[in-house]
Amino acid sequence: MKHATWKSPLIYLLSFLVVMFLIFILVYRVGGETVLPNSADLSLQIKNSGVNPPRVEEMPGAYLKWLAKAVRLEFGTSLSWHRPVSELILPRLWNSILLNLFSLFLIFSGGLTLGSFLAYHTPQAGHPLESLLYLLYAIPDFVLGVGLLSIFAFHLHWFPSCCLHSFNLHVNAPLQNTADVLYHLVLPGVTLSASGIVFITRFTKSSLDEILNAPFVFALKSRGLPRRIVLRHVLKNGIFPFLTMAGFIIPAIVSGAVVVESLFSFPGIGKTFFDAVLTRDYPVILAVVFIDTLFVFFGLITSNFLYRHFDPRVKNANS
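Following the numbering used here, the residues of the sequence shown are numbered contiguously, the last one being 1044.
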């Protein structure tokens, strides 16, 4: 167990370095020409930005130089925005983190609630709701987002269709500003979290079904304990496997954020990445991929840690 404790982070670190090296090669060797407002400035911009595509034999050295700067958040200058990449993406990174945290809240609160409901009411009320959830899971994020925009933004006018703030926002009204931000997060947050809610719902239901059939639950019921006490013991034993799924949800959110942010014109790094791909802005592409990959591996490491240290089934197996 102690051997695996230090071995797993090392494997993740090596995997991260290899993944970034492969992406570095793909961006520079397959990316094509950079699109600039003034094509006559192309050579000058590439030279000044330090992103002149290296030859194949120079790739390892160029990657190590880029990585040494990237760990200090020095990604060069954007070819299309003509600004330091860090100044461009870091403010938008916080917007994306806010959207992701809001989506995680919806995923786990909705998934735990629906999963618990299905576990206690199957088969009477479970089957229709499960069928609806499977249908929701099959809908792509883009299609779901377009549907939500059409109904709730353009037709009913209940929610805004884009951005993170209203144009007539008052600067010195923190409560109003917070409510306005949450108001703008609803549609993109629901779109981004829909498939995750279904996934956590199914996982929660399966975990609770297994625990409800455990001998200790029958023992509690045979003693005549109130349903509330039994439910508390069931949730206490079922919450740890549920928490370990947090790390597996983060990569799905990160990958889906590009589509969702672009669809809702959300000022995050997903939308920035989409715009950078269209203009083949190499420094921005690599910077966003670097940050997103860090989040993905952070999620995997977190999930692995929670799974090894808090899941009672794994702890008992290793004890």
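Built from N, CA and C at the ideal position, the CB exists for glycine as well.
Straight-line gap, P1008 to S733 (C-alpha atoms, nearest Å): Locating residue 1008 in the sequence shown gives position 283, counting from the first residue. Locating residue 733 in the sequence shown gives position 8, counting from the first residue. Taking the straight line from one Cα to the other gives about 30 Å.
Inter-stretch contact at 8 Å, needing at least 3 Cβ pairs: the stretch 1014 to 1021 / the stretch 741 to 754: Yes: at least three Cβ pairs fall under 8 Å.
Local conformation of V760 per DSSP, three classes: Locating residue 760 in the sequence shown gives position 35, counting from the first residue. Caution applies to V760, whose pLDDT of 45 falls short of 50 and renders its modelled position unreliable; the model cannot decide the point.
Short CB-CB distance (under 9 Å) between I1026 and chain D: No chain D appears in this structure, which consists of one protein chain only.
Contact between the stretch 903 to 923 and the stretch 819 to 837 (3+ Cβ pairs under 8 Å): Result yes; three or more Cβ-Cβ pairs closer than 8 Å.
Nearest neighbour of K996, chosen from L751, L889, L900 and I925 [CA to CA]: Within the sequence shown, residue 996 is the residue found at index 271, counting from 1. Residue L889 is the option with its Cα nearest to K996.
Exposure label - A944; buried when at least 16 CB within 10 Å: If you number the sequence shown from 1, residue 944 lands on position 219. So A944 ends up on the exposed side.
Residue from H880, S932, I736 and L751 whose Cα sits closest to the Cα of V1014: Position 289 of the sequence shown, counted from the start, is the residue given in the question as residue 1014. Out of H880, S932, I736 and L751, L751 has the C-alpha closest to the C-alpha of V1014.
Beta-carbon proximity of I832 to S918, cut-off 9 Å: Locating residue 832 in the sequence shown gives position 107, where the first residue counts as 1. Locating residue 918 in the sequence shown gives position 193, where the first residue counts as 1. Contact flag set, yes.
Beta-ladder partner(s) of T929, from DSSP: For this step, residue 929 is matched to residue 204 along the sequence shown. In the DSSP secondary-structure assignment, T929 is not bridged to any residue.
Euclidean distance between Cα positions of F924 and F867: Here residue 924 is taken as the residue at index 199 of the sequence shown, counted from 1. Here residue 867 is taken as the residue at index 142 of the sequence shown, counted from 1. C-alpha separation (whole angstroms): 18 Å.
With 16 other Cβ atoms within 10 Å as the buried cut-off, status of S987: Position 262 of the sequence shown, counted from the first residue, corresponds to residue 987. By the Cβ neighbour-count rule, S987 is buried, with 16 or more other Cβ atoms within 10 Å of its own.
Contact check, L818 vs I994, beta carbons under 9 Å: Position 93 of the sequence shown, counted from the first residue, corresponds to residue 818. Position 269 of the sequence shown, counted from the first residue, corresponds to residue 994. With respect to I994, L818 sits close: the two C-beta atoms are nearer than 9 Å.
T838, enclosing alpha helix (DSSP H) - first and last residue: Stepping through the sequence shown from its first residue, residue 838 is reached at position 113. For T838, the uninterrupted alpha helix (DSSP H) segment begins and ends at V810 to H846.
Buried or exposed (CB count within 10 angstroms, at least 16 for buried), K790: The count along the sequence shown starts at 1 and reaches residue 790 at position 65. Exposed, by the Cβ-count rule.
Burial state of L858 (16 or more Cβ within 10 Å): Taking the sequence shown and counting its residues from 1, one reaches residue 858 at position 133. Buried.
Nearest-angstrom beta carbon gap, I922 and G835 [assumed within contact, 8 Å]: On the sequence shown, residue 835 is found 110 positions in, with the first residue counted as 1. On the sequence shown, residue 922 is found 197 positions in, with the first residue counted as 1. Contact flag correct, Cβ pair sits at about 4 Å.
T802 - partner residues in DSSP beta bridges: The residue you call residue 802 lines up with position 77 of the sequence shown. The secondary-structure analysis by DSSP pairs T802 across a beta bridge with P809.
Residue burial classification, P762 (beta-carbon count within 10 angstroms, cutoff 16): Position 37 of the sequence shown holds residue 762. With a pLDDT of 44 at P762, under the threshold of 50, the modelled position of that residue is not reliable, and the figure given next carries that caveat. P762 counts as exposed, since fewer than 16 other beta carbons sit within 10 angstroms of its beta carbon.
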